[in-house]
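Read the structure below first, then the notes.
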Amino acid sequence: MKQVSFSGRLVIVGFGSIGQGVLPLILHHFDLDPTKITIVTAEERGREEADEYKIRFICEALTPDNYRRMLNPLLGNGDFLLNVSVDVSSLALIEFCREKGALYLDTCIEPWAGGYTDTSLSPSLRSNYALREAALKLRGGGPTAVVTHGANPGLVSHFVKQALLNIARDTGIETAKPNSRRQWAELMEALSVKTIHIAERDTQVARQPKQAGEFVNTWSIDGFVGEGCQPAELGWGSHEKTLPPDGMRHDFGSDAAIYLMRPGASTKVRTWTPMEGPFHGFLITHSEAISIADYFTVKDGDRVRFRPTVHYAYHPCDDAILSMHELAGKNWHMQEEQRLLMNEIVAGTDELGVLLMGHAKGAYWFGSQLSIGEARRLAPYNNATSLQVTIAVLAGIAWALENPRSGLTEPDEIDFEPILESCRPYLGKVVGAYSDWTPLHRRGRLFAEDLDWSDPWQFKNFRVV
Numbered sequence: 000m001k002q003v004s005f006s007g008r009l010v011i012v013g014f015g016s017i018g019q020g021v022l023p024l025i026l027h028h029f030d031l032d033p034t035k036i037t038i039v040t041a042e043e044r045g046r047e048e049a050d051e052y053k054i055r056f057i058c059e060a061l062t063p064d065n066y067r068r069m070l071n072p073l074l075g076n077g078d079f080l081l082n083v084s085v086d087v088s089s090l091a092l093i094e095f096c097r098e099k100g101a102l103y104l105d106t107c108i109e110p111w112a113g114g115y116t117d118t119s120l121s122p123s124l125r126s127n128y129a130l131r132e133a134a135l136k137l138r139g140g141g142p143t144a145v146v147t148h149g150a151n152p153g154l155v156s157h158f159v160k161q162a163l164l165n166i167a168r169d170t171g172i173e174t175a176k177p178n179s180r181r182q183w184a185e186l187m188e189a190l191s192v193k194t195i196h197i198a199e200r201d202t203q204v205a206r207q208p209k210q211a212g213e214f215v216n217t218w219s220i221d222g223f224v225g226e227g228c229q230p231a232e233l234g235w236g237s238h239e240k241t242l243p244p245d246g247m248r249h250d251f252g253s254d255a256a257i258y259l260m261r262p263g264a265s266t267k268v269r270t271w272t273p274m275e276g277p278f279h280g281f282l283i284t285h286s287e288a289i290s291i292a293d294y295f296t297v298k299d300g301d302r303v304r305f306r307p308t309v310h311y312a313y314h315p316c317d318d319a320i321l322s323m324h325e326l327a328g329k330n331w332h333m334q335e336e337q338r339l340l341m342n343e344i345v346a347g348t349d350e351l352g353v354l355l356m357g358h359a360k361g362a363y364w365f366g367s368q369l370s371i372g373e374a375r376r377l378a379p380y381n382n383a384t385s386l387q388v389t390i391a392v393l394a395g396i397a398w399a400l401e402n403p404r405s406g407l408t409e410p411d412e413i414d415f416e417p418i419l420e421s422c423r424p425y426l427g428k429v430v431g432a433y434s435d436w437t438p439l440h441r442r443g444r445l446f447a448e449d450l451d452w453s454d455p456w457q458f459k460n461f462r463v464v
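Each residue of the sequence shown is one higher than the last, beginning at 0 in numbering that gives the first Met the number 0.
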């Protein structure tokens, strides 16, 4: 990544695994005065790392009552707010930054504390679909606010575009790089891509295994549990014939997605990555499942002619699987102890990419295979999972600084090539792999099922276990 010059002030809200991991990358790649950086966080965790770089550290949680008082003296015209927190409203911070003339970036659209599990709201209203629709109402001119630009959501949207061009090349379809949303969507339609999985398998393992009463993960535990407790969500393709038995549509917005009447962390889906092969992942809700489906929609007037089915299929590290199983068994009440895996990881890889299915060559996975050893060589205070996020955050900040008057912007609307160029040196092996795997592969081996084996893409691309 080229050196980025920035003379303004930078406020980092939240300083968990992503905040701690992105700080050394910012200091390495940005020409920035460290005395102009302030960290605002709810926990003491990370103070030692901030002190190492002589960064101002404020330990006080942002709330609806105090966030303006806290941030007002720290931000002004041309400054930057990087939001990598949990339990702080993205919409409130975006509106505040717009008033101040400051730029903004986050890795997901967060509600205030309790918003993910507020049972006074309908499942539809505590979904990522609802959070995204609320954010889109803030569109318009003004300072750039890049939303949902981590690894996923974020980096995976750029993977999708590169994967489409690769498939077009390998199937003999001549195409120039599309230069509009409509052209990208029509390219996907021409390639007959029916389904996209954001397919991720994390095999990192620590010296000490998970203990009873402990939640263990390789990235934000609060973030993972919060999104795991939201309804399972997926972009809903135009080829899909029927909803799942507990599938529900929203009665507002783009209608690009559906949700299920159950938590994402209790819902398994079949998917595939090159290193792991076939496996079961959690259908965790993520904004990219909705934004990608929406972005690649082709309409004739008001009628949807083409839209892919899109969802996340996530197999976290094995200790996180056990942690989530225990959490579900306790009726989604968090364990008393939490442990974020970083220095104690001894082996493993995070394999994160997009699996595009239904086209002439079957299935194509494109993404990053980053080992813990490679991650440690590339950047301090990171593991394989966090580095895939933090480098995408860094690339998103650089884009925002180069495009400071773009208003609210989603990853799908950003030119993918500069982002991938910036991120590639930090992603380990960037791989494209074809497969003949489908969600129906070897189903019915133990128990017969009445499925149409002749054409799995005309049957049902989304299969809940």
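The beta carbon of each residue, even a glycine, is placed where N, CA and C say it ideally should be.
Check: Beta-carbon separation (whole angstroms), Ser322 vs Ser16, contact threshold 8 Å; Outcome: At roughly 15 Å, the Cβ-Cβ gap does not stay under 8 Å, so Ser322 and Ser16 are not in contact.
Check: Span separating the alpha-carbon of Arg304 from that of Thr194; Outcome: 15 Å
Check: Backbone secondary structure at Phe251 - three-state DSSP; Outcome: coil
Check: Rounded straight-line distance, which links the Cα of Pro208 to that of Leu135; Outcome: 42 Å
Check: Rounded C-alpha distance that separates Thr106 from Val192; Outcome: 27 Å
Check: Inter-residue Cα distance where the pair is Ala469 and Phe446; Outcome: Because the chain spans 0 through 464 in this model, residue 469 falls outside it and cannot be assessed.
Check: Cβ-Cβ distance between Pro273 and Trp183 below 8 Å; Outcome: no
Check: Identity of the residue in Gly361, Tyr311, Thr389, Gln210 nearest Val353 by Cα; Outcome: Tyr311
Check: Beta strand (DSSP E) runs wholly inside the region 277–324, at least 3 long, in chain order; Outcome: 297–299, 302–305, 308–314
Check: Closer than 7 Å: Ile17 CB and nearest the ligand ADP heavy atom; Outcome: Among the components of this structure there are no ligands whatsoever, and the ligand ADP is therefore not found.
Check: At least 3 beta-carbon pairs within less than 8 Å: the region 59–76 vs the region 38–47; Outcome: yes
Check: Buried/exposed call for Glu409, threshold 16 Cβ in 10 Å; Outcome: buried
Check: Residues of its chain near Ala394, where Cβ-Cβ distance is below 6 Å and the 5 sequence neighbours each way are ignored; Outcome: Ile418, Ser421, Cys422
Check: Simplified DSSP state of Phe5, which is helix, strand or coil; Outcome: coil
Check: Cut-off 6 Å between Cβ atoms - residues of its own chain near Pro177, not counting five sequence neighbours on either side; Outcome: Trp183, Leu186
Check: Ala162 burial status per 10 Å Cβ neighbour count (16 or more: buried); Outcome: buried
Check: Environment of Pro72 [buried if 16+ CB atoms lie within 10 Å]; Outcome: exposed
Check: Residue range of the unbroken beta strand (DSSP E) whose run includes Glu336; Outcome: 336–339
Check: Contact between the region 341–352 and the region 375–386 (3+ Cβ pairs under 8 Å); Outcome: yes
Check: Cβ separation of Val146 and Leu233, assumed to be a contact under 8 Å, to the nearest whole Å; Outcome: 19 Å between Cβ atoms; not a contact.
Check: Extent of the continuous alpha helix (DSSP H) run through Tyr66; Outcome: 66–70
Check: Per-residue burial, Val424 [other beta carbons within 10 Å of its own, 16 or more giving buried]; Outcome: The sequence given here has Pro at residue 424, not Val. Per the 10 Å Cβ criterion, exposed.
Check: When Leu120, Glu448, Ala231, Asp301 are compared against Ser253, the one with the closest alpha-carbon; Outcome: Asp301
Check: Three-pair Cβ contact test at 8 Å for the region 236–245 versus the region 254–264; Outcome: yes
Check: Secondary structure of Gly474, DSSP reduced to three states; Outcome: With the chain running from 0 to 464 in the structure shown, residue 474 is simply not present.
Check: Which listed residue (Asp50, Gln19, Glu213, Ala49) has its alpha carbon closest to that of Lys329; Outcome: Glu213
Check: For Ala362 and Gly20, believed in contact at Cβ under 8 Å, the rounded distance; Outcome: Actually they do not touch by this definition, with Cβ atoms about 31 Å apart.
Check: Own chain partners of Pro403 with C-beta closer than 7 Å, once the 5 adjacent residues on each side are dropped; Outcome: Leu102, Pro142, Thr143
Check: Spatially closest choice to Lys360 from Leu92, Gly171, Arg44, Ile25, by CA coordinates; Outcome: Gly171
Check: Own chain, CB closer than 8 Å to Gln2, minus 5 neighbours either side, in chain order; Outcome: His28, Phe29, Asp30
Check: Straight-line gap, Phe79 to Leu137 (C-alpha atoms, nearest Å); Outcome: 18 Å
Check: For Val345, the nearest candidate out of Trp436, Leu26, Gln203 (CA to CA); Outcome: Gln203
Check: Touching by the beta-carbon criterion (3+ pairs, under 8 Å), the region 224–231 and the region 112–123; Outcome: yes
Check: Among Val159, Ala175, Glu188, the one whose alpha carbon lies nearest that of Leu355; Outcome: Val159
Check: DSSP beta-bridge partners of Trp364; Outcome: Leu354, Ala432
Check: Residue range of the alpha helix (DSSP H) that includes Asn165; Outcome: 154–169
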